[in-house]
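Residue numbers (our numbering), protein chains in the order written: chain G, 205 to 501; chain V, 2 to 144.
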Amino acid sequence: MPSLKDIRNRIDSTKNTQQITKAMKMVSAAKLRRAQQNVVNMRPYAQGLMTVIADVATTQAVDHPLLRRSSEVDERRKKVLLVVITSDRGLCGAFNTNVSKFTERYLRDNASKSEKIDMLMVGRRGADYFRRRGKVAVETILNLAKDISYPLASKISHRVVEMYNAGEYEEVRIIYNEFVSAIQQTVVCETLLPIDVEKSATLNKGTDGFPAELIYEPSPTEIIDALIWKHFDIQMYRCLSESVAAEHGARMTSMENATKNAGEMIRTLTLTYNKARQAAITTELIEITSGAEALKA
Amino acid sequence: MAYKPLHLTLVTPEKKLLTDVEVDEVFVPGYRGELNILPGHAPLMTTLSTGLLRYRLKGQSDLKTVVVSWGYAEVNPKGVLILAETAERAEDIDQERALAAWKLATERIDSGELDPETVAKYRRKLERADIRRSIAKGSQTTH
Chain G
205 MPSLKDIRNR IDSTKNTQQI TKAMKMVSAA KLRRAQQNVV NMRPYAQGLM
255 TVIADVATTQ AVDHPLLRRS SEVDERRKKV LLVVITSDRG LCGAFNTNVS
305 KFTERYLRDN ASKSEKIDML MVGRRGADYF RRRGKVAVET ILNLAKDISY
355 PLASKISHRV VEMYNAGEYE EVRIIYNEFV SAIQQTVVCE TLLPIDVEKS
405 ATLNKGTDGF PAELIYEPSP TEIIDALIWK HFDIQMYRCL SESVAAEHGA
455 RMTSMENATK NAGEMIRTLT LTYNKARQAA ITTELIEITS GAEALKA
Chain V
2 MAYKPLHLTL VTPEKKLLTD VEVDEVFVPG YRGELNILPG HAPLMTTLST
52 GLLRYRLKGQ SDLKTVVVSW GYAEVNPKGV LILAETAERA EDIDQERALA
102 AWKLATERID SGELDPETVA KYRRKLERAD IRRSIAKGSQ TTH
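Structure representation (structure tokens):
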């Protein structure tokens with residue numbers, strides 16, 4: 205049986221923890237709102253850009269090293285670069301674990317195929333996870349600033365395209381947490397490079413066909429070339445933003461749970477404390493009365 | 002009116018500035034200079050240069066101005082779709098900030114100790130700041 209003082213200490217320390225988790229929850233909620241806004245606002249832009257690239261590329265039959273038509277999938281693909289996005293900081297539930305586990309499973313599943321997979325880690329958590337398991341990433345990008353910025357995304361994407369263009373990799377895929385809602389994130393794996401134009405172009409063919417006869421200023425090839433770089437930057441930025449929003453969402457939920465659990469713990473501890481106090485009082489009373497009885501007799 | 006009215010949509014990564022706004026005409030800073038787009042314009046696609054996007058709302062006589070930098074514009078039968086990297090309304094421009102950006106960019110370029118890539122970056126910044134300053138001045142004197 206712990207003493208009264210022990211219990212009181214535990215209650216105090218739990219209260220402190222609860223205060224911290226509550227504060228973290230609040231901070232995450234505020235950050236989440238901003239990040240969410242960011243993601244929602246960017247989606248139309250990213251989609252519009254992708255659509256136009258796909259449409260122009262298909263109607264004008266533009267060839268670009270970063271483009272591919274799904275009909276000409278190359279089965280001999282071997283070297284794949286996997287970009288894995290996690291967060292720098294923990295305390296956000298299963299957020300990072302999900303990505304790491306997904307990546308690990310992905311690596312295992314694809315080990316049988318003759319693909320050689322290298323990883324580029326963004327975020328400290330994922331990098332640490334795989335370093336502990338002896339899998340070294342070709343490159344790690346840490347210290348994501350408080351808010352990921354466009355220049356950062358641009359830096360990462362340039363690095364990736366550089367490696368791709370140098371022929372080091374034939375395909376680039378990205379694994380990240382997609383922001384679904386404040387309490388839900390899903391891990392997704394997308395192919396970043398080469399960009400599959402046919403898949404995106406057919407997506408919106410139903411509504412209104414893309415006019416094949418357009419005036420182009422400058423030529424379609426030049427437009428595509430200019431847009432594609434932007435597109436890739438934007439994609440990377442979008443993935444990072446999604447991941448950041450998801451991270452805040454995950455942290456908010458897990459901190460909310462932690463706060464709730466701490467409250468529950470305080471409640472039971474207080475109960476035990478009161479019981480122990482009562483027991484002590486009772487014992488004392490019994491001692492006094494029996495002492496008095498003994499004197500009387 | 003033989004032609005259907007133009008619908009203008011302006012999207013940036015940060016937000017959708019205009020969504021299907023009915024306009025009578027649009028001026029776009031295109032690849033080869035300014036384009037005036039009126040209802041019934043042939044389908045067109047162009048990249049944008051840094052400059053002024055101006056549009057006249059349906060039935061109104063004054064032009065609204067937005068500073069855009071980099072992007073592309075697509076004219077289709079339904080209207081004009083503009084995807085710009087940045088877009089600022091003339092009335093939102095902070096002239097002091099624009100001036101500060103302009104000064105910084107000029108200084109950096111003049112210092113001559115940058116690699117070509119960074120110089121190009123600052124040249125773009127300078128260009129943007131220049132336009133912002135001119136627009137801010139213009140709105141003070143003419144309106």
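Don't be surprised by glycine CBs; every beta carbon is placed ideally from N, CA and C. Model, not experiment: these values are computed from the prediction.
- For His8(V), the uninterrupted beta strand (DSSP E) run begins and ends at 7–12, by DSSP.
- Leu18(V) counts as buried, since at least 16 other C-beta atoms from the protein chains shown sit within 10 angstroms of its C-beta.
- For Asp259(G), the number of other beta carbons within 10 angstroms of its own is at least 16, and it is reported as buried.
- Under the Cβ distance rule, Tyr73(V) counts among the residues neighbouring chain G, one pair being separated by less than 8 Å.
- Against chain G, the CB of Glu15(V) has a partner CB under 8 Å away; the residue lies at that interface.
- Residue-level contact by beta carbon fails for Tyr380(G) and chain V, as no gap is shorter than 8 Å.
- Of all residues in the region 429–463 of chain G, the ones placed with a Cβ closer than 9 Å to any Cβ belonging to chain V are Ala430, Leu431, Lys434, Ile438, Tyr441, Arg442, in chain order.
- At a cut-off of 8 Å, the C-beta of Val68(V) has no neighbouring C-beta in chain G.
- Within the DSSP bridge table, the entry for Gln223(G) names no partner.
- For Trp433(G), the closest of Leu324(G), Asn465(G), Val364(G), Ser304(G) by C-alpha to C-alpha distance is Val364(G).
- Within chain G, no C-beta atom comes nearer than 8 Å to that of Ala102(V); the closest sits roughly 16 Å away.
- Within chain G, the residues placing a beta-carbon under 7 Å from that of Ala43(V) are Ile419, ordered along the chain.
- Distance from the CA atom of Pro422(G) to the CA atom of Lys104(V), rounded to whole angstroms, is 32 Å.
- Two segments are said to touch when three or more pairs of C-beta atoms, one from each, lie closer than 8 Å; by this definition the region 84–91 of chain V does not touch the region 112–120 of chain V.
- In the three-state DSSP reduction, Pro269(G) falls in the coil class, being neither helix nor strand.
- For Ile257(G), the closest alpha carbon among the candidates Ala430(G), Leu475(G), Arg471(G) is that of Ala430(G).
- Take Pro14(V), set aside five residues on each side of it, and the residues of its chain with a beta-carbon closer than 8 Å to its own are Glu86, in chain order.
- Any Cβ of chain G closer than 8 Å to the Cβ of Gly31(V) would place that residue at the interface, and such an atom is present.
- In this structure, the beta-carbon distance from Ala265(G) to Val448(G) does not fall below 8 Å.
- Apart from sequence neighbours up to five positions away, the residues of its chain that approach Val67(V) with a beta-carbon distance below 6 Å are Leu54, Ala88, Arg90, ordered along the chain.
- For Ala450(G), the number of other beta carbons within 10 angstroms of its own is at least 16, and it is reported as buried.
- When Cβ-Cβ separations below 8 Å define contact, Leu49(V) makes no contact with chain G.
- Secondary structure at Ala315(G): helix, using DSSP grouped into helix, strand and coil.
- Counting the other CB atoms within 10 Å of its CB gives Thr10(V) a total of 16 or more, which places it among the buried residues.
- Counting along the chain, the unbroken beta strand (DSSP E) around Ala85(V) starts and ends at 80–90.
- Here DSSP, grouped into helix, strand and coil, assigns Tyr420(G) to strand.
- In the three-state reduction of the DSSP assignment, Leu115(V) falls in the coil class, being assigned neither a helical nor a strand state.
- Rounded to whole angstroms, the gap between the alpha carbons of Tyr4(V) and Phe28(V) is 18 Å.
- Interface criterion not met: the Cβ of Val24(V) is under 8 Å from no Cβ in chain G.
- For Pro30(V), the enclosing beta strand (DSSP E) covers residues 17–31.
- The continuous alpha helix (DSSP H) containing Ala331(G) extends over residues 328–336.
- Val340(G) is outside the set of residues whose beta carbon lies under 8 Å from a beta carbon in chain V.
- Your pair Ala466(G) and Gly297(G) does not check out as a contact, with CB atoms roughly 16 Å apart and the cut at 8 Å.
- Cβ contact annotation for Thr20(V) (same chain, cutoff 7 Å, sequence separation greater than five): Thr10, in chain order.
- For Leu346(G), same chain residues with a beta-carbon under 6 Å away, outside a window of 5 residues either side, are Arg328 in chain order.
- The criterion of a C-beta distance shorter than 8 Å is satisfied by Ser358(G) and Asp437(G).
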